[in-house]
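Peer 1: Below is one structure. I have some questions about it.
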Amino acid sequence: MSDNAPVRRRKATSNQDSGSLRKNDQKTQSQYQPYKDAEWGFINHWYPALFSNELAEDQVEGIQICGVQIVLRRVDGKVFALKDQCVHRGVRLSAKPMCFNKETISCWYHGFTFNLESGNLDTIVGNPDDKLIDTTGITTYAVEEISGMIFVFVREDDFPDEDVPPLSHDLPIRFPESSEEYPHPLWPPAPSLMDENAISRGIHRTGEANWRIACENGFDNAHILVHQDNTIVQSNNWVLPLGIRPVSDDCITTFEEEGGPKGLMQWLFTDRWEPILENKKLGVKVAGVNSRFYRTSVVMPGVLMVENWPEEHIVQYEWYVPITDDTYEYWEVLVKVCATEKELKDYEYRYKTVFKPLALHGFNDCDLYAREAMQDYYADGTGWDNEQLVDTDVSAIIWRKLASRNHRGIAKPAKGSQGSIKSSSIRLRNITDGKSPGYRVDKIEE
Amino acid sequence: MSDNAPVRRRKATSNQDSGSLRKNDQKTQSQYQPYKDAEWGFINHWYPALFSNELAEDQVEGIQICGVQIVLRRVDGKVFALKDQCVHRGVRLSAKPMCFNKETISCWYHGFTFNLESGNLDTIVGNPDDKLIDTTGITTYAVEEISGMIFVFVREDDFPDEDVPPLSHDLPIRFPESSEEYPHPLWPPAPSLMDENAISRGIHRTGEANWRIACENGFDNAHILVHQDNTIVQSNNWVLPLGIRPVSDDCITTFEEEGGPKGLMQWLFTDRWEPILENKKLGVKVAGVNSRFYRTSVVMPGVLMVENWPEEHIVQYEWYVPITDDTYEYWEVLVKVCATEKELKDYEYRYKTVFKPLALHGFNDCDLYAREAMQDYYADGTGWDNEQLVDTDVSAIIWRKLASRNHRGIAKPAKGSQGSIKSSSIRLRNITDGKSPGYRVDKIEE
Amino acid sequence: MSDNAPVRRRKATSNQDSGSLRKNDQKTQSQYQPYKDAEWGFINHWYPALFSNELAEDQVEGIQICGVQIVLRRVDGKVFALKDQCVHRGVRLSAKPMCFNKETISCWYHGFTFNLESGNLDTIVGNPDDKLIDTTGITTYAVEEISGMIFVFVREDDFPDEDVPPLSHDLPIRFPESSEEYPHPLWPPAPSLMDENAISRGIHRTGEANWRIACENGFDNAHILVHQDNTIVQSNNWVLPLGIRPVSDDCITTFEEEGGPKGLMQWLFTDRWEPILENKKLGVKVAGVNSRFYRTSVVMPGVLMVENWPEEHIVQYEWYVPITDDTYEYWEVLVKVCATEKELKDYEYRYKTVFKPLALHGFNDCDLYAREAMQDYYADGTGWDNEQLVDTDVSAIIWRKLASRNHRGIAKPAKGSQGSIKSSSIRLRNITDGKSPGYRVDKIEE
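Residue numbers (this note's numbering), protein chains in the order written: chain A, 49 to 494; chain B, 49 to 494; chain C, 49 to 494.
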């Protein structure tokens, strides 16, 4: 039974070193200027676009990631992704999908027809001899589909095809391959999206905050208080500590090797982190701490992995995909390897009746609110300079520096992207109609 | 029966010249810089303000055109138009109409009373001896009312009365006067708003796009695809071509004579434009093309005329009246000469049962969506530099240059105009109440 | 019976001097530049925060004044006010109140715990040994609670405690203390919030206009027209004059003594102001003027006092508390001294059945509309330069100069304040949900 008290092997006597790590003075901040600049996200990275079951054969959908409008179409099972903006007058192809064959997608407005593979302007429906044909086109995006998820490599228009890295470079580290380097005695190796028979189940929804705020909340160890009244905690009779703080220089390990994911691992539920059970000043004391244990890591471009959560043999992944500078698509995905039909059926039943309502919603809904609560403070870009951090924020500081060293580009809002002009009349009209701005294209309905 | 295949007299062997017309390089763009600057519209022009039946005797209404707030009042049948902004504290007179006699309109707030003819501050209701009286006033606007429509000359405050041109200079060319110069063998001369017994029927509504985007959509020949699934097309068993392209140097004629409308005529359904019936690359072929024929022209400040549409002896006019930089009032007006009561009754019946639902709504609703779909791309003013045009865009290029040469002024948003500050709290509060920003003043209701 | 025609003792023959007072040329404007700069209000002043009955024992509420987010908590009857923004990650403490004892308030997110008296960071719930503890804190605000109202001294972070003036310096002058200096023969001395047994009854609500626009409307004598159709006027058969204008140099007295309120007194219903009964130009004449008489004064930072209104022995106070640059909290408060239970009960009955519906709503609702109607004109800050004032605007000119001389600071929107970024996604999402931006914090509800 894994829901036991955490193992603690040594007691820290000093937090001097982790304390120095948390310094957030001007010098430290200058080490993560790129992170502070990345309000629209890091570009030239892999991001989840849709769950596989959200894009049926021949379906066309439009989304926006890092300010880039992207149209997806599935043909004979394969998913293609292109810039969702006609070169002619800038309308989104996905607004009213029109496809004449399996090789192309046409613009519904003037018939500009683009090759799904290359993005080339192959023809114009009612103007087949125009000189512009074959001289221009739209950017295409590499697509990978694994275990029920469609990933897109969101790139700048001039990012070379040959430089597109494998998806695995932008996914969490895997087990048991990493078990030697990142051992944890308290649970079996976490599964991975890339495992054979891996099954993903989850949701994605739009949050109204900057993606960095959201991401930092994801791996933040110090906000246990927020979750104390969650049903999943109370129904399991978990008793959470008041907090948890780093007590060792190696409380966090970073990994930045060539040819692999770049990220950090937090050695939670080891003796490198100490649970806080008492606050004498407040006269508050927690007895009989008894909760799930887990470990979190985060890799570029902002992918959380929570091992051993919400149950043994399951892993929770999270993405905080930038849509604009103040909205992100929040992905909460559970992965389990189901080798048999029986395992799959049991997993799905438990997902539906327990994990989705109590973990993905009940537990993580609190995080959604917390991220929004921070947004006003960080919205004008100066929050990073004024926040007052403490030693438990060592994770955020390390992450910001690591991201600044390892990102592949800083996104700028593309012309015409949703949310680059926030108070446009269309947007306000849609709001009048009760349609909040979000992730997907509103299709034209006549 | 007019719904026949179009007549084509010659076959173009080269589109070299019209091809050169469509060039949209930096040099060409510099020729229409004024057009690119006119996001709030061209000022010192005649625009439709209201249908006659929207302003009863003694009624007061407030509207906004080119960022200028205008109040209209009808007295003894005559319509007066003044700036809808009190000189004192800037409130709109139309918000709570107050009139003490037939010569003036008073501000409901402090009683400033303006002469309807001159705009002069004639008196202040409760302060009749103040020195300010007779020393100041508000701008007045010339008004013409013809065939059921009220037109206003929207001018800058210092535009001289004596320079106000006749309304006819800002209306489409007339027939049969122009039949010799602009002959078309396929239909009878189009009627005009200015004809005796001309009757206008139509609608106006607010679109969320820049007026230029809207106007260019109006005379755009290359978006036939958008209308293919319209009920009016299908119910008439029309078979539309895939497209239509210019095949002659004289595909478009411009007219810019002193003392008349400035505009362009597109010689559709002549041999200067070729219907495209096949796209070999896509394997698409249209057989038995059989649709209505028509001809379009556009004159300053953006007035479309569609001859022979939606029926013989009828003409469709359209205006795309700038309200703000991202909203326009879309006017769709059908004009027919009805010499007898019987003709009028028949016309009205057909308008109500066919033209309004199938043409003004069904057919043109597609255009509303298309204009909105372009707006995000052009909203920041750089879309004009990045669009990639083709030879069918010759019309837009000629129009942009013509407008740049012939406009009478570039509007700047007036202080206090609706939409000059888009995210004001009032606006957002109104949106919360479900009131989308638009063309008319919301009257104060207590 | 006080509802008589006003007494007029002398007839002015010249308004030369008051006329010169109203000049609003560039020189005059330069004398109130600080006022023009105060779009977010004057800071370092006392403002009403809540009615006493809006903050029960142990209740926590968040509000915003002058762009400053403030959290209030009542402990053992005493009200504490602190900056409503955690030093750590900037969230509002009031969004999800968490208090472990009577001396502190804790942040619900990471447990930062602040002393209610000093604002000191006393501890962090789950991180009690962090070095940041006792080295930082949040600003506290002085609180006074009198006669059913809670006042807060809204200050800049570095405004010294010892410089906080008494509340009485930011409240209207009192009677009978001031009766000798400010005599008025037509009614008994007005009561005051500070009187023994004074009872306040009233409402507060958010208006969508700048606070200065609102305040100037409050003491504006020249907008009688707006109220002519109010039920309270008609039901009392009052006959209002067309206007009222200053006819004496001493129409307005200012008071700016050290150690007291700074403001102006308008000597209404004396011979220094003349009611206008006829406008010959318009052929309008009022006979039998018969209305309530009253006198208005206004003191810093924008507190209106209407003596003898809406009834003898009652006074109406109004505040126009800046929330943002385009919203204000409109406070309408009636004060009466009720020495006995019977008096209190009678007052409350009359408040509920007459004063609240007919005065605070019916009569003053007109003012709310008028203020909103001005807002667009003044929103970009240039309205002050373009307005054309008349002699009845002498009050506004004097007020603007007086405020410019006597304010204690010009507010700047604090980082993260509601409305400093107006079109944030959260705000737009809330609007989609029908929640207009306003005065109080939306509590997190899970």
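A virtual CB, placed ideally from N, CA and C, is assigned to each residue, including glycine.
Hey, could you find the ends of the alpha helix (DSSP H) C/Ile479 is sitting in?
Peer 2: For this step, residue 479 of chain C is matched to residue 431 along the third sequence. Taken as a continuous stretch (DSSP letters only), the alpha helix (DSSP H) holding C/Ile479 covers Ser473 to Thr480.
Peer 1: Can you tell me whether DSSP reads B/Phe267 as helix, strand or coil?
Peer 2: Your numbering for residue 267 of chain B matches position 219 in the second sequence. B/Phe267: coil per DSSP, three-state reduction.
Peer 1: Which residue's Cα is closest to the Cα of A/Leu130: A/Ala86, A/Ser473, A/His158 and A/Val191?
Peer 2: If you number the first sequence from 1, residue 130 of chain A lands on position 82. When only C-alpha atoms are compared, the closest one is A/Val191.
Peer 1: Indicate the three-state DSSP secondary structure (helix, strand or coil) for A/Lys400 in the structure shown.
Peer 2: Translated into the one-based positions of the first sequence, residue 400 of chain A becomes position 352. Three-state result, A/Lys400: helix.
Peer 1: Looking at C-alpha atoms only, which residue of C/Asp170, C/Gln133 and C/Arg249 is the closest neighbour of A/Lys328?
Peer 2: Within the first sequence, the letter at position 280 stands for residue 328 of chain A. The shortest Cα separation from A/Lys328 among C/Asp170, C/Gln133 and C/Arg249 belongs to C/Asp170.
Peer 1: List the residues that DSSP assigns as beta-bridge partners of B/Lys131.
Peer 2: In the second sequence, counting from the first residue as 1, residue 131 of chain B sits at position 83. In DSSP, B/Lys131 forms a bridge with B/Ile118.
Peer 1: Taking the CB atoms as reference points, tell me whether B/Asp268 and B/Glu87 lie closer together than 8 angstroms.
Peer 2: As a first step, residue 268 of chain B must be located in the second sequence, where it is residue number 220. As a first step, residue 87 of chain B must be located in the second sequence, where it is residue number 39. Not closer than 8 angstroms, so no.
Peer 1: How would you list, in chain order, the residues of chain C whose beta-carbon sits under 7 angstroms from the beta-carbon of A/Glu420?
Peer 2: Here residue 420 of chain A refers to the residue found at position 372 when the first sequence is read from its first residue. Under the 7 angstroms cutoff, chain C gives Ile474.
Peer 1: Who are the neighbours of C/Lys463 on chain A, taking C-beta pairs under 8 angstroms?
Peer 2: The sequence position of residue 463 of chain C within the third sequence is 415, counting from 1. Chain A residues near C/Lys463: Tyr425, Asp428, Thr430, Gly431 and Asn434.
Peer 1: Can you pull out the residues from the region 134-151 of chain C whose beta carbon lies closer than 7 angstroms to at least one beta carbon of chain A?
Peer 2: So the close ones are Val135, His136, Arg137, Gly138, Val139, Arg140, Ala143, Phe148 and Asn149.
Peer 1: Determine, using beta carbons only, whether A/Ser465 and A/Gln314 come nearer to each other than 8 angstroms.
Peer 2: Here the question's residue 465 of chain A lines up with position 417 in the first sequence. Here the question's residue 314 of chain A lines up with position 266 in the first sequence. No, they are not a contact pair.
Peer 1: In chain B, which residues lie less than 9 angstroms from A/Thr171 when you measure between Cβ atoms?
Peer 2: For the purposes of this step, residue 171 of chain A is taken as the residue at position 123 of the first sequence. Here the neighbours are Asn327, Lys328, Lys329 and Leu330.
Peer 1: Along the chain, where does the alpha helix (DSSP H) containing C/Tyr425 start, and where does it finish?
Peer 2: Along the third sequence, one-based indexing puts residue 425 of chain C at 377. It spans Asn412 to Tyr426 - the alpha helix (DSSP H) in which C/Tyr425 sits, taken as one unbroken run.
Peer 1: Take C/Ser339 as the anchor and find which of C/Leu330, C/Asp298 and C/Leu290 has the nearest alpha-carbon.
Peer 2: For this step, residue 339 of chain C is matched to residue 291 along the third sequence. Selected option, being the one with the closest Cα: C/Leu290.
Peer 1: Between B/Gln133 and B/His158, what straight-line distance do the alpha-carbon atoms span, to the nearest angstrom?
Peer 2: On the second sequence, position 85 is the one that residue 133 of chain B refers to. On the second sequence, position 110 is the one that residue 158 of chain B refers to. In a straight line, the C-alpha of B/Gln133 is about 13 angstroms away from that of B/His158.
Peer 1: Hey, which unbroken runs of the beta strand (DSSP E) at 3 residues or more fall wholly within the region 259-312 of chain A?
Peer 2: Runs found: 291-294 and 300-303.
Peer 1: Please confirm whether C/Thr480 and A/Gln436 have their CB atoms less than 8 angstroms apart.
Peer 2: On the third sequence, position 432 is the one that residue 480 of chain C refers to. On the first sequence, position 388 is the one that residue 436 of chain A refers to. Not in contact: C/Thr480 and A/Gln436 (Cβ atoms no closer than 8 angstroms).
Peer 1: Between the Cα of B/Arg343 and the Cα atoms of B/Glu366, B/Gly410 and B/Phe317, which residue gives the shortest distance?
Peer 2: Locating residue 343 of chain B in the second sequence gives position 295, counting from the first residue. That would be B/Phe317, whose Cα lies nearest to the Cα of B/Arg343.
Peer 1: Can you check which of these residues, A/Gly486, A/Leu120 and A/Pro349, is closest to A/Ile371 by C-alpha distance?
Peer 2: The count along the first sequence starts at 1 and reaches residue 371 of chain A at position 323. Ranking A/Gly486, A/Leu120 and A/Pro349 by Cα distance to A/Ile371 puts A/Gly486 first.
Peer 1: Exposed or buried, B/Gly174, counting other C-beta atoms within 10 Å across all chains shown (16 or more means buried)?
Peer 2: Locating residue 174 of chain B in the second sequence gives position 126, where the first residue counts as 1. With 16 or more Cβ atoms within 10 Å of its Cβ, B/Gly174 is classed as buried.
Peer 1: Any beta-carbon of chain C closer than 8 angstroms to the one on B/His158?
Peer 2: As a working note, residue 158 of chain B is residue 110 in the second sequence. Taking Cβ atoms only, chain C reaches closer than 8 angstroms to B/His158, which makes this a yes.
Peer 1: B/Thr184 by DSSP, collapsed to three states: which one?
Peer 2: Taking the first residue of the second sequence as 1, we reach residue 184 of chain B at position 136. The answer is coil: DSSP assigns B/Thr184 none of H, G, I, E or B.
Peer 1: In chain order, what residues of the same chain have a beta carbon less than 8 angstroms from the beta carbon of B/Val501, not counting five sequence neighbours either side?
Peer 2: No statement about residue 501 of chain B is possible, as the shown extent of chain B runs from 49 to 494 and does not include it.
Peer 1: Give a yes or no on whether the C-beta atoms belonging to A/Glu322 and A/Arg293 are separated by under 8 angstroms.
Peer 2: For this step, residue 322 of chain A is matched to residue 274 along the first sequence. For this step, residue 293 of chain A is matched to residue 245 along the first sequence. Cβ distance < 8 angstroms, so A/Glu322 and A/Arg293 count as in contact.
Peer 1: Below 8 angstroms on the Cβ atoms is my guess for B/Leu382 versus B/Gly266; work out the distance and round it to an integer in Å.
Peer 2: Working through the second sequence from its first residue, we reach residue 382 of chain B at position 334. Working through the second sequence from its first residue, we reach residue 266 of chain B at position 218. That belief does not hold up - the Cβ atoms of B/Leu382 and B/Gly266 are roughly 15 angstroms apart, past 8 angstroms.
Peer 1: Using alpha carbons as the reference points, say which of A/Ile91, A/Gln117 and A/Trp447 lies closest to A/Ser345.
Peer 2: Numbered from its first residue, the first sequence carries residue 345 of chain A at position 297. Of the candidates A/Ile91, A/Gln117 and A/Trp447, the one whose C-alpha sits nearest the C-alpha of A/Ser345 is A/Trp447.
Peer 1: Check the Cβ of A/Thr480 against every Cβ in chain B and list those closer than 8 angstroms, keeping chain order.
Peer 2: For the purposes of this step, residue 480 of chain A is identified with residue 432 of the first sequence, where counting begins at 1. The answer, in chain order, is Ile479, Gly482, Lys483 and Ser484.
Peer 1: Mind pulling the alpha helix (DSSP H) runs of 4 or more residues that sit fully within the region 443-469 of chain B?
Peer 2: As far as the region 443-469 of chain B is concerned, it has no whole alpha helix (DSSP H) run of at least 4 residues.
Peer 1: Going along the chain, which residues of its own chain have a beta-carbon closer than 6 angstroms to the beta-carbon of B/Val212, five neighbours each way excluded?
Peer 2: The residue labelled residue 212 of chain B in the question sits at position 164 within the second sequence. Cβ neighbours of B/Val212 beyond the five flanking positions: Ala190 and Phe201.
Peer 1: Leaving aside the five residues before and after B/Arg324 along the sequence, list all residues of the same chain whose C-beta is less than 8 angstroms from its C-beta, in chain order.
Peer 2: By one-based count along the second sequence, residue 324 of chain B stands at place 276. Note that residue 324 of chain B corresponds to Ile in the displayed sequence, not to Arg. Within the same chain, B/Ile324 has close Cβ partners Pro289, Leu290, Gly291, Ile292 and Arg293.
Peer 1: Are C/Tyr218 and C/Met348 closer than 8 angstroms when you measure CB to CB?
Peer 2: Stepping through the third sequence from its first residue, residue 218 of chain C is reached at position 170. Stepping through the third sequence from its first residue, residue 348 of chain C is reached at position 300. The question names Tyr, yet the displayed sequence has Asp at residue 218 of chain C. For C/Asp218 and C/Met348, yes; Cβs fall inside 8 angstroms.
Peer 1: Take A/His361 as the anchor and find which of A/Arg260, A/Pro236, A/Glu493 and A/Gln107 has the nearest alpha-carbon.
Peer 2: Position 313 of the first sequence, counting from 1, holds the residue named residue 361 of chain A. Nearest C-alpha to A/His361: A/Pro236.
Peer 1: According to DSSP, A/His93 sits in a beta bridge with which residue or residues?
Peer 2: For the purposes of this step, residue 93 of chain A is taken as residue 45 along the first sequence, with counting starting at 1. Looking at the DSSP assignment, A/His93 forms a beta bridge with A/Val202.
Peer 1: Counting pairs of Cβ atoms below 8 angstroms between the region 293-312 of chain A and the region 131-150 of chain C, do you hit three or more?
Peer 2: No, because fewer than three Cβ pairs between the region 293-312 of chain A and the region 131-150 of chain C fall closer than 8 angstroms, the two stretches do not touch.
Peer 1: Against chain A, does C/Asp508 count as a neighbour if the rule is that its beta carbon must be under 8 angstroms from one of theirs?
Peer 2: Residue 508 of chain C cannot be examined here, being either before or after the span of chain C that is shown, 49 to 494.
Peer 1: Rounded to a whole number of angstroms, what is the C-alpha to C-alpha distance between A/Arg453 and A/Glu304?
Peer 2: Position 405 of the first sequence, counted from the first residue, corresponds to residue 453 of chain A. Position 256 of the first sequence, counted from the first residue, corresponds to residue 304 of chain A. Going from the Cα of A/Arg453 to the Cα of A/Glu304 covers about 9 angstroms.
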